[in-house]
Amino acid sequence: MQKFPCPFCGPRADREFRYGGDAGKQRPARDCSDAEWARYRFQRSNTRGVTRELWLHADGCGRWIEIGRDTTTHVVIATRPLSP
Amino acid sequence: MSGPIRVDVDGGSFGNEIDRRQRLDFTFDGQPLSGFAGDTVASALLANGVRIVGRSFKYHRPRGIFTAGGEEPNAIVDLRHAQRHDPNARATLEPLQQGMVIRSTHARGTAQRDTFSFLDRFSRFIPAGFYYKTLMWPRFRLYEGMIRALAGIGRVDATSRAPRSLQQFLNVDLCVIGGGPAGITAALAAADSGRDVLLVDDHAHLGGSLRWRNAQVDGLPGIDWATAREAQLHTAGVRIMVRTTAVGIYDHNAIVLVEKGCTPARSANGECLWQVRAQSIVLASGAIERPLLFENNDRPGVMLADAVLRYLRAYAVRCGERVVVATSNDSAYELASALNDVGACSAVVDSRDHSELADDARAAGIEVHLGDSIDSVLGRTRVERVRMASGATLEADLVAVSGGWTPLIHLYCHARGKPRWDESIGALVPGTDATALKVVGAASGARTLDETLEQATLAVGGTPSSESRPPSGSDYWGGTPNITVASGKRRVWVDLQHDVTTKDIELAVRENFASVEHLKRYTTLGMATDQGKTSNVNGLAILAAQTGRDIGAVGVTTFRPPFVPVSMATIAAGNLGELQAPVRRLAAENVHREEGAYFREYGDLLRPAWYGPDASAIARECHSARNGVAVFDASSLGKIDVIGPQAARLLDFIFYTRMSTLAPGRLRYGLALAESGAIFDDGVVLRIAPEHFVVSCSSGHVAAMVAHLEEWRQDRFDLAKVFIHDASAHWATLAISGPHSKRVVASLELGVPLDDEPLPHMAARIGTFGGHPARIARVSFTGERCYEISAPSQLAAGLWRLARASGAEPIGVEALGVLRAEKGYIFVGQDTDSETMPHDLGIGGPRDNRSSAYVGDRSLFTPFAKRKGRKQLVGIAAAGEQPIPIGAHAVARANGKLRSIGYVTSSCWSPALSRPVALGLVEDGRRRLGEVLQFEHLGTRFTGTLVESCFLDPAGARLHA
C-alpha cells in the first residue's frame, strides 16, 4: 500500500501501478554475446537499499515512470517519466 | 439463568450507552431475549443473565464473556441478521440489532449442554502439541477429520452467499485512532490548527474510559467533558467515525478501517472497509486489562474488572450479585466502590501488602484482603466460591480480576515500531519514535490523565493549555505480573481462546521450545483470533520465570495486521461475481440471442459458441461457410490505431515481419514476439495511409498488445511522433465468408468494388455503411473467400440483419475453430506455448534475413533457440474416426521408457473432410512428417500420422473462389 508520486497525476496508490523491473537497462544490439543477452533478460539487481525501478501507471495516465526508492524503508526518493 | 439484572437506580447515572425506550428482540441458542438500542451483543447477553456463551476450543470447557472490547477471547458467536451471516462474530464489538439470531459456537448442542464436554476429563492426554507426537501413525490425514470436528470455532455455512459490502477511500491530513481523552484532545488541537482530521473509535460513542470511569478533566466530570468536546469536534469539522476499528497500518500511512453497524442500504453485511491515507497518524488506542493467574480462572463468571465496571456504568448491567474483586493494582478499587453502591461487592483481594485505596475502601465498608490472592475458583460451570492463597474461602458468583494493564501498541508495531519492556509499569511500550506515527496516552504508558492530555496536544504540535500537575501517587498500572504459580495438578489458563495453560508453557520450555517464537507455535499461545491480546504478557512472564530471564530479554512475537479479525466478505467488498471479473459483451449480443445463439465465455468475452439448441449446429455452420456463405461476429478482434511519422518504425520493431514495406490499402499477417523470442500474439496489420496503421490482434490479447506497443513506444520512440489508440470497442466487425460471400457483401451497398482485381485478398478499402465510414478488408480465417467489414459499433445489429437477409448463415466461435483447424491456422496460446518461436511454425524468413532490430530478435539465436529437438507445429491425421483428445501426449520409447515428445493442441472432426484433423507441437515434428506416432490420453492409446498442418486446400485456391 505504498504511495507513488506520479509526475503526471500526483500522489497515487501503488495499486494503480504495475512493476516493470530495474530501470536504466540498455537493450543490447543483435551482435551481443549470449551472456550479455542473458544478463539483460534475466539478471535482477535485487538491491537492499536505494534502487531505480520502472513502474507503469497502468490505471492512471498510462505512462512508464522511473522511481528511485529505498527497498528497506519504502521511502520514495525521486520519480521521472521514462520518456522525456 | 437468573432474572433481569439491569440496574435501575435514581439519578440515571447508569446506562449512558443504551436507550431504554427502544427494545430490541433477539434470540440466543433459540431462546427469545431482549435488549436495548445501544447494547452490544455481549451487554445484552449479560443483561439476560446468560453466563455461558460458548465452549472452549480444545477442552470444550464452558466459557463466559470475559471483556467488553476487541480483545475478547471467549464470546465468539454465530450471528445472523438480515442477509448477513458471521460465524465468528465478536459479541463485545457487535451492536445489537432487532431480530438478530445468535448461536453459541463450538458446542455440540448448545453452550449450556455440550455433549463434547467430556473431553475436558481427558485433558491430561492432550497437552500442547499432542497431535504432533501421537497422531503420526500411520498418517495424520486419518485423524484430521475427527480433530476438525472437535476443534475450531464458528462453522461456515457453505450454502450462504457473501452479501455485497462496501469499500470506501479517504484522504486526510491526520488520522487519530482512539476516541478517548487522548484522541479527542489530539483531534481537537489539530483541527484548531486548520488540519483535516479523522477520528475513529471502535465503540458507539467517543469518550473511551471517561464513559465509565470517574475522572475530572478541565474541571468537568469526564463524561460531560467528552460530550462537550464531541460537540466542539463537530463544529471544528472533524470527521468522527464510531464503531470503527483500525485493523492495520501499512506503508506510507495507509490505514485500513472496518466500520460496523452500517445500514443494509449502505452495506448488506453491515460493514464497510475503509482505506485511509493520512499525512500523519496519532495512535491513542489506550490500554487493556490483564487477567490474573489462578486455578480455574477460565470459569464463566471470571471477568476483567474494567469490563465489569463498564457493563455496570455504561450498560447498567450488574454482572454479579456477590462479586470478589481481585487485583494487583489500584485501578480495580473504583469497581469495588461502584459495586458496593449497588450492594454487589463481596470483597477485594489485593496481592499487594499496602494500598492507600484499601483504607478508603474499608472506610466505605468494603472487606479488603491485602497481601492475599486468589488460589482457585470453586464451581463446575460457574463461580460458586473462591479460595484464597491464605486458605480462606469467600462466597462469590463473579470474580472481577485486574492483573495490570497492557498498552495497545499493535498498530504502532504494524507501522514498524519496535516495543520495549518498561519494568516500572510492567508493560510493553513503544520504543524509540522511529515511525511516522505518534503514540499518546495509555497506549504509550502515560502514568496519569494529565500526562495523557499533554502528550496528545504535543503530538499534533499544540501547546498544552493547563499547567502540568504532579502525577498523583496512585499505582494504576500494576507492574510486572508476579508469577508464583507452581502448576502441579492445577490448571491455570493463560490463553483462554486457544486453551493454553501454564502447564503447556512449562512443557514447551522442558522440551526446549524456549524462544518466544517457538513457544507460540508449539503451544499456539496467542495464535487464536484474539491474537492473545489478554494472554501475551502473562505468557511472556511465565516463559521469563521458567527460563530465568526477565521479560525484556524474552522479547515478543511480531504483531501483524489485522488487529481484530475481518471477514473475507468485508475485504472482498463489491468485488464479487461479475464485478470481480466483468465479462465483455458484443455490441450485437441481443441480435445473437434472437438468433438462438448458445453463449460461452472465451477469456473474458461472452460470445456465441453456435446457433441452435445443441452442438450439432457446428457441423451445419461449417457446411454453410464452405459451400454457401456464413457471417461471423468478429467484433472482439483488436483494432489498435498506430498513427504518426514513426508508426511504421514502431511496428517494424514490434513485429517479426516488417510492416514498413506494406503498401497503403494492403494487409499483412504478422507475429509479435516477446523479448524471450516466444510468440506473443499474431494478427493482421492494415496500412490505411502512410502514417496510419490498424493492428488487428487476437480477441483475448487486445489489452496486452496495447500495453506491449506502449511499453516500447515510451522506451524507444518520440512520443510526439507515434501515437497508439485502442479503438477496438468503437468498431464492430463482421466476417462474411464462403463461395457466395461476394453476393452478400454486394447487397450491403458499401460503395467499394468487391472483385479480385481492384480488391484482392489481403487488400482493404474504405466504404460507407449507413452514412458512416466502413472498412472492407479481404482477410480470411476460414480459408474461404472472405470480407471483413468493420463499421462503428452502433451499426453492428443493422449490418448483421442485412447480411442475414441476404442469405448469410450465422456461425459461432466453435465452427470457426473447426474451419481454421482444417486450414492449419493457429490460435496463439493454444497451438503455441511459452517456448514456441516463429521458426517452430516454419516461419523462418525474418529470422534468417532481417537485420533491423525487433522485439525478441536476439533470443532467436540462443543455443536454446537453435537446438535440435524443438517442438514444432505439425498436423496430425488420426487413424480411424475418433479425434485424438486435445492434450494427448505423443509418446516415444527411449532407453526402454516411454517419454512424451509433444502433445495435441487442437483437434476436431472435420465435416469438410469427413475425418478427424488435429494440430500439435512435436519434437522435431517437421523432420518426422509421415511418421506414425502413438498418443496417450488418460490411459487411452491413439494412433496418428504426422502431416503438414494444412489439411484443406493447401494452394489457397478457395480464397479467390
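Those sequence lines, one after another, are chains P and W. In this text, residue positions in the first sequence follow our numbering: the first is 1, and each later residue adds one. In this text, residue positions in the second sequence follow our numbering: the first is 1001, and each later residue adds one. The beta carbon of each residue, even a glycine, is placed where N, CA and C say it ideally should be. Remember, predicted model here, so these are calculated numbers, not experimental data.
On a CA-only basis, which of VAL1200(W), THR1657(W) and SER1013(W) is nearest CYS1175(W)? Give me that one, please.
Taking the first residue of the second sequence as 1, we reach residue 1175(W) at position 175. When each option's Cα is compared against that of CYS1175(W), the closest is VAL1200(W).
So, under 8 Å CB-CB, ARG1775(W) and CYS1786(W) are touching, yes? Tell me the CB distance rounded to an integer number of Å.
Residue numbering aside, residue 1775(W) sits at position 775 when the second sequence is read from its first letter. Residue numbering aside, residue 1786(W) sits at position 786 when the second sequence is read from its first letter. Rounded, the Cβ-Cβ distance is 14 Å, inconsistent with contact.
For TYR1903(W), which three-state DSSP category applies?
Taking the second sequence and counting its residues from 1, one reaches residue 1903(W) at position 903. Strand at TYR1903(W).
Within 9 Å, strictly: CB atoms of GLY1783(W) and HIS1740(W)
In the second sequence, residue 1783(W) corresponds to position 783, counting from 1. In the second sequence, residue 1740(W) corresponds to position 740, counting from 1. Contact: no.
So that I know if they touch, is there some Cβ in chain W lying closer than 9 Å to that of ARG39(P)?
Within the first sequence, the letter at position 39 stands for residue 39(P). Output row for ARG39(P): interface = no.
Strictly under 9 Å for the Cβ-Cβ distance: is PRO1032(W) near chain P by that measure?
Numbered from its first residue, the second sequence carries residue 1032(W) at position 32. So no, PRO1032(W) is outside the interface.
With DSSP collapsed to three states, give me the class of ARG1915(W).
One-based indexing of the second sequence puts residue 1915(W) at position 915. Correct three-state label for ARG1915(W): strand.
Measuring straight from C-alpha to C-alpha, what distance separates THR1327(W) and GLU1094(W)?
Stepping through the second sequence from its first residue, residue 1327(W) is reached at position 327. Stepping through the second sequence from its first residue, residue 1094(W) is reached at position 94. Taking the straight line joining both Cα atoms gives about 28 Å.
Suppose you measure from the CA of ALA1089(W) to the CA of LEU1079(W); what does that come to, to the nearest Å?
To locate residue 1089(W), count along the second sequence from 1; it is residue 89. To locate residue 1079(W), count along the second sequence from 1; it is residue 79. Going from the Cα of ALA1089(W) to the Cα of LEU1079(W) covers about 6 Å.
In terms of alpha-carbon separation, which member of THR1534(W), CYS1413(W), ILE1425(W) and ASP1450(W) lies closest to VAL1439(W)?
The count along the second sequence starts at 1 and reaches residue 1439(W) at position 439. Comparing Cα-Cα distances from VAL1439(W) to each of THR1534(W), CYS1413(W), ILE1425(W) and ASP1450(W), the minimum goes to CYS1413(W).
Would PRO1470(W) pass as an interface residue toward chain P - the criterion being a Cβ-Cβ separation below 9 Å?
The residue you call residue 1470(W) lines up with position 470 of the second sequence. The pLDDT assigned to PRO1470(W) is 46, lower than 50, so where the model puts this residue is not dependable; a value taken from the coordinates is nonetheless given after this. No, its Cβ sits nowhere closer than 9 Å to a Cβ of chain P.
Collapsed DSSP secondary structure at ASP1157(W) in the structure displayed:
On the second sequence, position 157 is the one that residue 1157(W) refers to. Correct three-state label for ASP1157(W): coil.
Per DSSP, LEU56(P) is paired with what?
Taking the first residue of the first sequence as position 1, residue 56(P) is located at position 56. Per DSSP, ARG18(P) and TRP64(P).
Separation of GLU66(P) from THR51(P), as counted between CA atoms:
To locate residue 51(P), count along the first sequence from 1; it is residue 51. To locate residue 66(P), count along the first sequence from 1; it is residue 66. Counting only the Cα atoms, GLU66(P) lies some 10 Å from THR51(P).
Along the beta strand (DSSP E) that carries ILE1886(W), what are the first and last residues, could you check?
Your numbering for residue 1886(W) matches position 886 in the second sequence. Premise fails: ILE1886(W) is in no beta strand (DSSP E) and is neither H nor E.
As an exercise, report each continuous beta strand (DSSP E) stretch of at least 3 residues that is fully enclosed by the region 1692-1759 of chain W, in chain order.
1692-1697, 1723-1726 and 1731-1737
Please tell me whether SER1676(W) has its Cβ less than 9 Å away from any Cβ of chain P.
Walking along the second sequence from the start, residue 1676(W) turns up at place 676. Interface residue (Cβ-Cβ distance to chain P less than 9 Å): SER1676(W) is classified as such.
Under 9 Å between C-beta atoms of LYS3(P) and ASP14(P):
Position 3 of the first sequence, counted from the start, is the residue given in the question as residue 3(P). Position 14 of the first sequence, counted from the start, is the residue given in the question as residue 14(P). Yes. Within cutoff.
Per DSSP, which residues does PRO1221(W) bridge with? Please list them.
Here the question's residue 1221(W) lines up with position 221 in the second sequence. Listed as beta-bridge partners of PRO1221(W) by DSSP are GLN1216(W).
Please confirm if the region 1200-1209 of chain W is in contact with the region 1177-1189 of chain W, defined as three or more CB-CB distances below 8 Å between the two stretches.
yes
Going by the DSSP bridge assignment, what does VAL1256(W) pair with across the sheet?
On the second sequence, residue 1256(W) is found 256 positions in, with the first residue counted as 1. GLY1248(W) and GLN1275(W).
When LYS1058(W), VAL1583(W), LEU1576(W) and ASN1296(W) are compared against SER1636(W), the one with the closest alpha-carbon
Working through the second sequence from its first residue, we reach residue 1636(W) at position 636. For the residues LYS1058(W), VAL1583(W), LEU1576(W) and ASN1296(W), the minimum Cα distance to SER1636(W) belongs to VAL1583(W).
Does the pairing of the region 1397-1415 of chain W with the region 1288-1306 of chain W give three or more beta-carbon distances under 8 Å?
yes
For a contact meaning CB atoms closer than 7 Å, what does GLN2(P) contact in chain W?
Locating residue 2(P) in the first sequence gives position 2, counting from the first residue. Ordered by position in chain W, the residues that pass the 7 Å Cβ test against GLN2(P) are ASP1251 and HIS1252.
Just to make sure I have the definition right: I need the residues of chain W whose C-beta is within less than 8 Å of the C-beta of ASP63(P). Which are they?
Taking the first residue of the first sequence as 1, we reach residue 63(P) at position 63. The sequence shown places Arg at residue 63(P), rather than the Asp named in the question. Correct list: GLN1714.
To the nearest angstrom, how far is the alpha carbon of ALA1678(W) from that of PRO5(P)?
Start at 1 with the first residue of the second sequence, and residue 1678(W) comes out as number 678. Start at 1 with the first residue of the first sequence, and residue 5(P) comes out as number 5. It is roughly 35 Å from the alpha-carbon of ALA1678(W) to the alpha-carbon of PRO5(P).
Counting only beta-carbon separations shorter than 9 Å, does GLU1711(W) have a partner in chain P?
One-based indexing of the second sequence puts residue 1711(W) at position 711. By this cut-off, GLU1711(W) is an interface position.
How many whole angstroms separate the CB atoms of PRO1300(W) and ARG1051(W), which I take to be in contact at a CB cut-off of 8 Å?
The residue you call residue 1300(W) lines up with position 300 of the second sequence. The residue you call residue 1051(W) lines up with position 51 of the second sequence. Yes, PRO1300(W) and ARG1051(W) are in contact; Cβ-Cβ is about 4 Å, under 8 Å.
Per DSSP, cross-strand counterpart(s) of GLN1232(W):
Stepping through the second sequence from its first residue, residue 1232(W) is reached at position 232. In DSSP, GLN1232(W) forms no bridge with anything.
Counting pairs of Cβ atoms below 8 Å between the region 1350-1368 of chain W and the region 1331-1341 of chain W, do you hit three or more?
Under the Cβ criterion (8 Å, minimum of three pairs), the region 1350-1368 of chain W counts as touching the region 1331-1341 of chain W.
Determine, using beta carbons only, whether GLY20(P) comes closer than 9 Å to chain W.
Position 20 of the first sequence holds residue 20(P). Judged by the 9 Å Cβ criterion, GLY20(P) is in contact with chain W.
Cβ pair GLU1822(W), SER1907(W) closer than 9 Å:
For this step, residue 1822(W) is matched to residue 822 along the second sequence. For this step, residue 1907(W) is matched to residue 907 along the second sequence. No, Cβ-Cβ distance for GLU1822(W) and SER1907(W) is not below 9 Å.
Could you give the distance in angstroms between the alpha-carbon of ALA1158(W) and the alpha-carbon of PRO1087(W)?
Locating residue 1158(W) in the second sequence gives position 158, counting from the first residue. Locating residue 1087(W) in the second sequence gives position 87, counting from the first residue. So the alpha carbons of these two residues sit roughly 11 Å apart.
CB contact below 9 Å: ALA78(P) versus chain W
By 1-based counting over the first sequence, the position of residue 78(P) is 78. By this cut-off, ALA78(P) is not an interface position.
Could you tell me which whole alpha helix (DSSP H) segments of length 4 or greater appear in the region 1385-1427 of chain W?
1410-1414
Along the beta strand (DSSP E) that carries PRO1032(W), what are the first and last residues, could you check?
Within the second sequence, residue 1032(W) is the residue found at index 32, counting from 1. Counting along the chain, the beta strand (DSSP E) containing PRO1032(W) begins and ends at 1031-1037.
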